[in-house]
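First up is the structure itself, then whatever we jot down about it.
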Amino acid sequence: MNFLITGYAYTEGAVPFDASLPVENARLRTSSLVLAYARVLDLWGKSGKFDAIVPYTSLSGTAELAGQPVDREANGLADARFRLSVNLYGAPALTLQEFRNYEQDLIVGASLQVSVPWGQYDSSRVVNIGTNRWSFKPEVGISQAAGPWTVEFQAAGTFFADNKDFFGGSTRSQDPIYSLQGHVIYGSRSGIWGSLDATYFTGGRTTVNGVTKDDLQQNWRLGGTLAFPVDVRNSVKLYGSSGVSARTGNNYDLIGIAWQYRWGAGL
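Take 70 as the starting number for the sequence shown in the working numbering and just add one per residue.
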């Protein structure tokens, strides 16, 4: 089965692409158009998925750099992301007919996401849409269903390559960011489902030209998601999140909407 997703996301506050940029009092806004493709896979009898996400973003607003106010406007592609996921336990690869009779119990899975530095980048500006570096995010997760309720937990680490052309030609390194997520999901027989989401992440201290910065991240975010089917092939998802606390003052608010179209597998 294949999925095509288009959507729009809006953020306000700090830069969602790189929360450790050396700016303060950020009042930045981003508007992103998102195009994504996903395909369900049979990986040696286990259910899996490949997905690719390509956003186009408009960024504008103000922040303070070294105590001085700066304005920023930019438009262009953000970094593309590619991910391969596989369920290791509890969710075998199934035909569409078999899936109709499937009832979830415990699922354990893992994924690897790669971020490719294709986004807009100008080394003469500290705030950009792209990050000018590769990143790699391995993740493991568990999902337990009980009637209409599902509880999920995920743990991940994001590892960064160096940006060797950061703000005037400096070399910028960043420690890994480790994150924990939790979701409580309720699904109805009509196909409508909603979730409450929480995320904690820590780490990410940066080093510029060998000098380590005091920008260790310890952030909490809360959010929610609501999805509902339009027909057998189409569905709509609404989502939002907000920073609850941040050690370095890099919170931002996010809202978005996505439309999904699916086809294949005899649907």
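Cβ atoms here follow ideal geometry from the backbone N, Cα and C, with glycine treated the same way.
Buried or exposed: where does residue i fall if 16 or more other Cβ atoms within 10 Å of its Cβ makes it buried?
i, result
"residue 206", "buried"
"residue 224", "exposed"
"residue 175", "exposed"
"residue 228", "exposed"
"residue 83", "buried"
"residue 126", "buried"
"residue 156", "buried"
"residue 87", "buried"
"residue 144", "exposed"
"residue 173", "exposed"
"residue 312", "buried"
"residue 281", "exposed"
"residue 85", "buried"
"residue 193", "exposed"
"residue 314", "exposed"
So, under 8 Å CB-CB, residue i and residue j are touching, yes? Tell me the CB distance rounded to an integer number of Å.
i, j, result
"residue 292", "residue 269", "Not quite, the Cβ-Cβ distance comes to about 13 Å (not below 8 Å), so this is no contact."
"residue 101", "residue 147", "7 Å"
"residue 165", "residue 336", "6 Å"
"residue 338", "residue 151", "The first residue shown for the chain is 70 and the last is 336, placing residue 338 beyond what the model contains."
Would a C-beta distance cut-off of 7 Å place residue i and residue j closer than the cut-off?
i, j, result
"residue 96", "residue 130", "yes"
"residue 162", "residue 116", "yes"
"residue 302", "residue 70", "no"
"residue 195", "residue 134", "yes"
"residue 199", "residue 189", "yes"
"residue 202", "residue 160", "no"
"residue 256", "residue 267", "no"
"residue 103", "residue 124", "yes"
"residue 118", "residue 154", "yes"
Whole angstroms are fine: how far does the CA of residue j sit from the CA of residue i?
i, j, result
"residue 333", "residue 120", "16 Å"
"residue 73", "residue 93", "37 Å"
"residue 113", "residue 191", "44 Å"
"residue 248", "residue 226", "6 Å"
"residue 296", "residue 253", "14 Å"
"residue 180", "residue 158", "13 Å"
"residue 237", "residue 278", "11 Å"
"residue 235", "residue 99", "21 Å"
"residue 219", "residue 137", "48 Å"
"residue 310", "residue 323", "5 Å"
"residue 142", "residue 305", "30 Å"
"residue 215", "residue 294", "19 Å"
"residue 299", "residue 122", "23 Å"
"residue 239", "residue 171", "54 Å"
### Given 8 Å, three or more beta-carbon pairs between the segment 317–334 and the segment 280–294
yes
### Task
Could you tell me whether the segment 272–283 touches the segment 235–246, where touching means 3 or more Cβ pairs closer than 8 Å?
yes
### Query
How about the segment 77–88 and the segment 252–265: do they share at least three Cβ pairs that are nearer than 8 Å?
no
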